[in-house]
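Trainee: Numbering (my numbering), first residue to last: 1 to 527.
Right, here's the structure in full:
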């Protein structure tokens, strides 16, 4: 109600820094609004503590923690108070939370939470916290944030937030599925163990609308149901792999096997059953070529096969590229999935956040170390001619974007509004951009003998390095600059003309080990 509560939250010890690379949805359809998901605290050190004060010892409290980072590196943290612990992986997270339930404050009205990086996680992220106060007489709270997503023609993934700590151990959650919103048709009940917060529902019927709800149970007592979530399994799927020289992926993938520097058309692409469809794909605005440093799993355990993860079409910062889909069924709706991958196996860490836009809606994906994530735009109606335009670009702060392919889902929805379709704000998603405190300029471009790198050194004594990469990601030149004064500095990179291996290169400026700017440069080779 926007009323002062008297409750405070204190970071007992300091965190390493902040992030503005949380994974946003593009339409505020996540567990928190995009403005909350986008930014947060990061830490790569020892366990951290948060202290809540001003609480009522006569009340009970639920604590909800959300971490989100738009990249594929594992980022799991545990949240602990007393004997309760909940864990959350922040990687590509938009709809899950860590929950500590029915917490009793100490006599002074305080609760202390310990946050610890777990397993192989190098960094922990915390983007938002919710504190829920309730009366102890409410003994069984219902789950919230139920989310359903179709995976293929017969499979739906479900996730929700656990809000109670005393559900029955063996059948503490009751998940219901039906074919109508009143749950009077096609009802199926699935009993799940306590603390369950996700479920993969298999064996479903293609092109069918399903409704889901979930509640907690303990003996004869049941909580209120969660929100009702509807989704539709696709009638057909078309898989597209963007590649040029990387090995084609087998059936049912449609491999472009073409340069992205010129137009091409893939006609009558095949669906999941290897049956020809009427769908054509045409490249209308070109990319810059093939990128082959996507992350392979080694055993095809990723969200798409390894060959598909490895190859991408790449584009520069804010470059505009486009594919056109033709031959779509105007009586059907479509859900388009986008993905990409880049990795330390031949490349370097950075912000590679792509933007994917269809009919005014945009979703976002940073490809760094991705093996698990596809982002989707759903509830799309083709134009009267059966056409859709798919626009590819980057956020304003991304270095490049790497785009691996498409997943095209087709389904029937007479009323519309199902399958990951949320109302966009009229202004769309607003992404706050950090100030460019280094103000980097690199010239001349093209160059012949040397490159000038002009930048603002914000602090005297920064460790500054200039690096040059060829387009395979191999470092071909490096120079360190020590004892630079604060303010404007011009760094002269000499000796680049001796590099024989490339006519196109990438010049990167690093400050204290972090890349702050990269520029693609063209080299004039003397004859």
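Even for Gly, the Cβ is constructed at its ideal location relative to N, Cα and C.
Nothing here was measured: the structure is a model prediction, and the numbers come from that model.
With distance defined between alpha-carbon atoms, name the residue in 139, 185, 517 nearest to residue 352.
Mentor: For the purposes of this step, residue 352 is taken as the residue at position 352 of the chain shown. Comparing Cα-Cα distances from residue 352 to each of 139, 185, 517, the minimum goes to 517.
Trainee: Can you give me the Cβ contacts of residue 321 inside the same chain, cut-off strictly under 6 Å, excluding the 5 residues immediately before and after it?
Mentor: In the chain shown, the residue the question calls residue 321 occupies position 321. Cβ neighbours of residue 321 beyond the five flanking positions: 285, 287, 315, 392.
Trainee: Can you tell me which of the three DSSP states residue 276 falls into?
Mentor: One-based indexing of the chain shown puts residue 276 at position 276. If DSSP states are grouped into helix, strand and coil, residue 276 belongs with the strands.
Trainee: Please report the residue range of the alpha helix (DSSP H) in which residue 38 lies.
Mentor: By one-based count along the chain shown, residue 38 stands at place 38. Here the alpha helix (DSSP H) through residue 38 covers 34-38.
Trainee: By the DSSP assignment, the alpha helix (DSSP H) with residue 306 in it spans what residues?
Mentor: Counting from one through the chain shown, the residue named residue 306 turns up at place 306. First-last of the alpha helix (DSSP H) with residue 306: 306-310.
Trainee: Quick check on residue 103: does DSSP put it in helix, strand or coil?
Mentor: Locating residue 103 in the chain shown gives position 103, counting from the first residue. If DSSP states are grouped into helix, strand and coil, residue 103 belongs with the strands.
Trainee: Out of 129, 90, 319, 154, state which residue places its alpha-carbon closest to the alpha-carbon of residue 8.
Mentor: Locating residue 8 in the chain shown gives position 8, counting from the first residue. Residue 129 is the option with its Cα nearest to residue 8.
Trainee: Report buried or exposed for residue 51, applying the criterion of at least 16 other Cβ atoms within 10 angstroms of its Cβ.
Mentor: Position 51 of the chain shown holds residue 51. With fewer than 16 other Cβ atoms within 10 Å, it is exposed.
Trainee: Let's test the definition: count the other Cβ atoms within 10 Å of the Cβ of residue 223 and tell me whether it reaches 16, buried, or not, exposed.
Mentor: One-based indexing of the chain shown puts residue 223 at position 223. So residue 223 ends up on the buried side.
Trainee: Thinking C-alpha only, which one of 511, 453, 465, 243 is nearest residue 519?
Mentor: Sequence index remark: in the chain shown, residue 519 carries index 519 (1-based). Comparing Cα positions, the closest option is 453.
Trainee: Leaving out five residues before and five after residue 338 in sequence, what residues of the same chain have Cβ atoms less than 6 Å from its Cβ?
Mentor: Walking along the chain shown from the start, residue 338 turns up at place 338. The residues are 356, 375.
Trainee: My output table needs one value for residue 24: the three-state DSSP class, helix, strand or coil.
Mentor: By one-based count along the chain shown, residue 24 stands at place 24. The DSSP-derived three-state label of residue 24 is coil.
Trainee: Can you tell me where the beta strand (DSSP E) holding residue 383 begins and where it ends?
Mentor: In the chain shown, the residue the question calls residue 383 occupies position 383. Premise fails: residue 383 is in no beta strand (DSSP E) and is neither H nor E.
Trainee: Check for me: the beta strand (DSSP E) holding residue 175 runs from which residue to which?
Mentor: One-based indexing of the chain shown puts residue 175 at position 175. Its beta strand (DSSP E) spans residues 173-178.
Trainee: Go ahead and pull the three-state DSSP assignment for residue 528.
Mentor: This structure leaves residue 528 out entirely; the chain is present only between 1 and 527.
Trainee: Do you know how far the Cα of residue 213 is from the Cα of residue 326?
Mentor: Here residue 326 refers to the residue found at position 326 when the chain shown is read from its first residue. Here residue 213 refers to the residue found at position 213 when the chain shown is read from its first residue. Rounded to the nearest angstrom, the two C-alpha atoms are 37 Å apart.
Trainee: Measure the C-alpha to C-alpha separation of residue 308 and residue 273 and round it to an integer number of angstroms.
Mentor: Position 308 of the chain shown, counted from the first residue, corresponds to residue 308. Position 273 of the chain shown, counted from the first residue, corresponds to residue 273. One C-alpha to the other measures close to 19 Å.
Trainee: Report yes if the CB atom of residue 252 is closer than 7 Å to the CB atom of residue 411, and no otherwise.
Mentor: For the purposes of this step, residue 252 is identified with residue 252 of the chain shown, where counting begins at 1. For the purposes of this step, residue 411 is identified with residue 411 of the chain shown, where counting begins at 1. Not a contact, by the Cβ cut-off of 7 Å.
Trainee: Which one of 513, 490, 363, 388 has the shortest CA to CA distance from residue 28?
Mentor: Position 28 of the chain shown, counting from 1, holds the residue named residue 28. Closest option to residue 28, Cα to Cα, is 363.
Trainee: Would you call residue 443 buried or exposed, if buried means 16 or more other Cβ atoms sit within 10 Å of its Cβ?
Mentor: On the chain shown, residue 443 is found 443 positions in, with the first residue counted as 1. Residue 443 should be labelled exposed.
Trainee: Are the segment 67-78 and the segment 6-25 touching, with three or more C-beta to C-beta distances below 8 Å?
Mentor: yes
Trainee: Kindly indicate the opening and closing residues of the beta strand (DSSP E) around residue 159.
Mentor: As a position in the chain shown, residue 159 is number 159, starting the count at 1. Taken as a continuous stretch (DSSP letters only), the beta strand (DSSP E) holding residue 159 covers 155-161.
Trainee: According to DSSP, is residue 303 part of a helix, a strand, or is it coil?
Mentor: Position 303 of the chain shown, counting from 1, holds the residue named residue 303. Reduced to three states, the DSSP call for residue 303 is coil.
Trainee: Quick one: what's residue 443 bridged to in DSSP?
Mentor: One-based indexing of the chain shown puts residue 443 at position 443. Paired residue(s): 452.
Trainee: Residue 437 and residue 458: beta carbons closer than 7 Å?
Mentor: Locating residue 437 in the chain shown gives position 437, counting from the first residue. Locating residue 458 in the chain shown gives position 458, counting from the first residue. A contact, by the Cβ cut-off of 7 Å.
Trainee: Might you give, ordered along the chain, the residues of its own chain that have their beta carbon closer than 6 Å to the beta carbon of residue 546, omitting 5 neighbours on each side?
Mentor: Missing from the structure shown is residue 546; the chain here goes from 1 to 527 and no further.
Trainee: Leaving out five residues before and five after residue 514 in sequence, what residues of the same chain have Cβ atoms less than 6 Å from its Cβ?
Mentor: If you number the chain shown from 1, residue 514 lands on position 514. Same-chain partners within the cutoff: there are none.
Trainee: Relative to the alpha-carbon of residue 489, which residue among 508, 456, 476 has its alpha-carbon at the smallest distance?
Mentor: Translated into positions along the chain shown, residue 489 becomes position 489. Of the candidates 508, 456, 476, the residue whose Cα lies closest to the Cα of residue 489 is 456.
Trainee: Between residue 460 and residue 507, how many whole angstroms is the CB-CB distance? I'm expecting something under 8 Å.
Mentor: Locating residue 460 in the chain shown gives position 460, counting from the first residue. Locating residue 507 in the chain shown gives position 507, counting from the first residue. Contact doesn't hold; Cβ gap of about 23 Å is too wide.
Trainee: Whose C-beta lies closer than 8 Å to the C-beta of residue 279 among residues of the same chain, with five residues either side of it excluded?
Mentor: Indexing the chain shown from 1 puts residue 279 at position 279. Once the five neighbours on either side are set aside, the close Cβ partners of residue 279 are 238, 268, 269, 325, 326, 327, 328, 408.
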